[in-house]
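Chains as they are written, first to last, in this note's numbering: chain Y, 27 to 250; chain C, 27 to 250.
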DNA sequence: GTAAAATTAGACGCCATTGTCTAAAACGTC
DNA sequence: GACGTTTTAGACAATGGCGTCTAATTTTAC
């Protein structure tokens, strides 16, 4: 009887989901063909229609799958935010690297931003939930984490929400063009971008005594 | 004979170009139909094929048209960058507002970012030129303008390219999500976003004496 | 007004895609 | 090995879009 023969079925489902994500990402919803998805998934077309009633059903399932993965990853990265300020610049830099590498510049992040731009108007409810649970959560959570550091006298911040958005924006400043054009930054580039971002962030929000230790007043670098 | 009957022809061309931009932007290349473009342009389908040999030709023409408009606007906005530092915060804020409003959050800016994401892989040469003349020029030009201010002792900057990218990134920090989701920020939101960005930028890069005047040391806002 | 050029509506062939259907094959469990 | 389920390959109709063609109509220049 039909107990749990889900072993092979589940593998098929995942295979279809992965292939569909790949093809939808490259071709968009309109440009993607079920036949190509079936070919990439090494699965018959009928199997796809067997699991997902129609193209749109499959699309929604793919987006929800990617959203879940991305949200889980974001939660995981956020939980690695530095708690104390012993080595703030290095810890924040490492955090920014993780955030960029695993949440923003990674495959899922690019996929979601691409999709929300192309199909956002056609499926408002679908991406609205991602907006709240993804980028929305990122800002509020990061805002709270920065507040913790500020409460511990490590940072001087007047508006935590603004500072959170600026931290993310600075972290992407050097990578935005690359990711926009589909390139994936190397580890060295990720490291350098995060370092630049955190230096500037701490120059703006770091406690004057704290940030100055270690660095000479940086005035030496100015030309003339 | 065929001298220059271009009066009506030119109008048709522009009408087609506008309609095609609209439909391509909403539906993407694959999803856009020539019939719909013809309907929006109030033009027969044959007229489109008369001016542009095939769908791809039309698409390329649309992208180049938008690129030219965007580049001209970017050049115009860059030329309004403040020269002296008499009222740096306000001048930079006004500049950031113009940059966001007319180059990044406007219709053409959103269109180009959307298109480069969806069709960038399929037409690399097409968008590569925009990358160099649009975002590329923005960074190098802004870098030179910041260098001018730094040379005049108004700013303290160690890496001008990084500072330029950070200025743009900070300017978008509060607006990124809105533009990603297709919304258009109000003037008040533009003003506030630019103000937040420039405040932080000047906290990081402003000369200590200059930036402190006017503002109390901002330590009062910290909780506890 | 006239002639050349441009535009229009509509029909047409062609091709790709969607979603359904069927019969055969593979699979997993007993 | 037998049975029920799943998968597969392929055929199938229906749809829609692209690009072409034609004949009629409008616009424009002179």
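By construction, the Cβ of each residue, glycine as well, lies at the ideal position given by its N, Cα and C atoms.
For residue j and residue i, the rounded distance between their alpha carbons
i	j	result
residue 52 (chain C)	residue 175 (chain Y)	43 Å
residue 56 (chain C)	residue 81 (chain C)	10 Å
residue 92 (chain Y)	residue 132 (chain Y)	12 Å
residue 211 (chain C)	residue 218 (chain C)	10 Å
residue 74 (chain C)	residue 108 (chain C)	45 Å
residue 40 (chain C)	residue 110 (chain C)	41 Å
residue 232 (chain Y)	residue 227 (chain C)	13 Å
residue 153 (chain Y)	residue 158 (chain C)	32 Å
residue 115 (chain C)	residue 135 (chain C)	25 Å
residue 194 (chain Y)	residue 222 (chain Y)	12 Å
residue 99 (chain Y)	residue 164 (chain Y)	11 Å
residue 181 (chain Y)	residue 104 (chain C)	34 Å
residue 87 (chain C)	residue 43 (chain C)	8 Å
residue 89 (chain C)	residue 79 (chain C)	16 Å
residue 101 (chain C)	residue 102 (chain Y)	43 Å
residue 37 (chain Y)	residue 94 (chain Y)	18 Å
residue 76 (chain C)	residue 206 (chain Y)	34 Å
residue 118 (chain Y)	residue 113 (chain C)	33 Å
residue 229 (chain C)	residue 213 (chain C)	24 Å
residue 137 (chain C)	residue 137 (chain Y)	18 Å
residue 156 (chain C)	residue 234 (chain Y)	41 Å
residue 166 (chain Y)	residue 69 (chain C)	49 Å
residue 183 (chain C)	residue 184 (chain Y)	24 Å
residue 196 (chain C)	residue 147 (chain C)	28 Å
residue 149 (chain C)	residue 171 (chain Y)	42 Å
Residue i - partner residues in DSSP beta bridges
i	result
residue 232 (chain C)	C:181
6 Å CB neighbourhood of residue i in its chain, flanking five on each side removed
i	result
residue 169 (chain Y)	186, 187 and 190
residue 58 (chain Y)	49 and 50
residue 142 (chain C)	153
residue 192 (chain Y)	none
Burial state of residue i, where buried means 16 or more other Cβ atoms lie within 10 Å
i	result
residue 21 (chain C)	In the structure as shown, chain C starts at 27 and stops at 250, and residue 21 (chain C) therefore has no counterpart that could be examined.
residue 161 (chain Y)	buried
residue 84 (chain C)	buried
residue 145 (chain Y)	buried
residue 35 (chain C)	exposed
residue 200 (chain C)	buried
residue 178 (chain C)	exposed
residue 208 (chain C)	exposed
residue 198 (chain C)	buried
residue 126 (chain Y)	buried
Chain-order list of residues whose beta-carbon lies under 8 Å from that of residue i (same chain, five-residue window excluded)
i	result
residue 62 (chain Y)	49 and 53
residue 215 (chain Y)	200, 201 and 204
residue 140 (chain C)	51
residue 151 (chain C)	none
Cβ-based neighbour list, residue i, same chain, cut-off 7 Å, excluding 5 preceding and 5 following
i	result
residue 71 (chain Y)	60, 61 and 64
residue 121 (chain C)	106, 107 and 108
residue 66 (chain C)	45, 48 and 49
residue 123 (chain Y)	216, 217 and 220
residue 173 (chain C)	186
residue 224 (chain Y)	115, 118, 119 and 122
residue 97 (chain Y)	159 and 160
Closer than 7 Å: residue i CB and nearest the ligand SAM heavy atom
i	result
residue 99 (chain C)	This structure does not include the ligand SAM; it has no bound ligands of any sort.
Exercise. Taking Cβ-Cβ distances below 7 Å as the criterion, which residues of the region 147-166 of chain C are in contact with chain Y?
Worked result: Of all residues in the region 147-166 of chain C, those with a C-beta nearer than 7 Å to a C-beta of chain Y are 147, 157 and 161, reading in chain order.
For this session: Could you list the residues in the region 190-209 of chain Y with a C-beta less than 8 Å from some C-beta on chain C, going in chain order?
Result: So the list reads 191, 192, 194, 195, 196, 198, 199, 200, 202, 203, 206, 207 and 208, given in the order they occur along the chain.
For this session: Scan the region 177-189 of chain Y for residues whose Cβ lies nearer than 7 Å to a Cβ of chain C and list them as they occur along the chain.
Result: Only 177, 182, 184 and 188 from the region 177-189 of chain Y bring a Cβ to less than 7 Å from some Cβ of chain C.
Exercise. Name the residues in the region 49-74 of chain C whose C-beta lies less than 9 Å from a C-beta of chain Y; which are they?
Worked result: Answer set for the region 49-74 of chain C: 52, 53, 54, 55, 56, 57 and 58.
Problem set entry | the region 134-145 of chain Y: positions lying closer than 7 Å to chain C by Cβ | Listed by position along the chain: 139, 140, 142, 143 and 144.
Exercise. When Cβ atoms are compared, which residues of the region 82-105 of chain C fall closer than 8 Å to chain Y?
Worked result: Residues of the region 82-105 of chain C that bring their beta carbon within less than 8 Å of a beta carbon in chain Y are absent altogether.
For this session: Name, going along the chain, the residues of the region 208-233 of chain C whose beta-carbon falls closer than 7 Å to a beta-carbon of chain Y.
Result: Under the 7 Å Cβ criterion, the region 208-233 of chain C contributes 208, 222, 226, 229 and 230.
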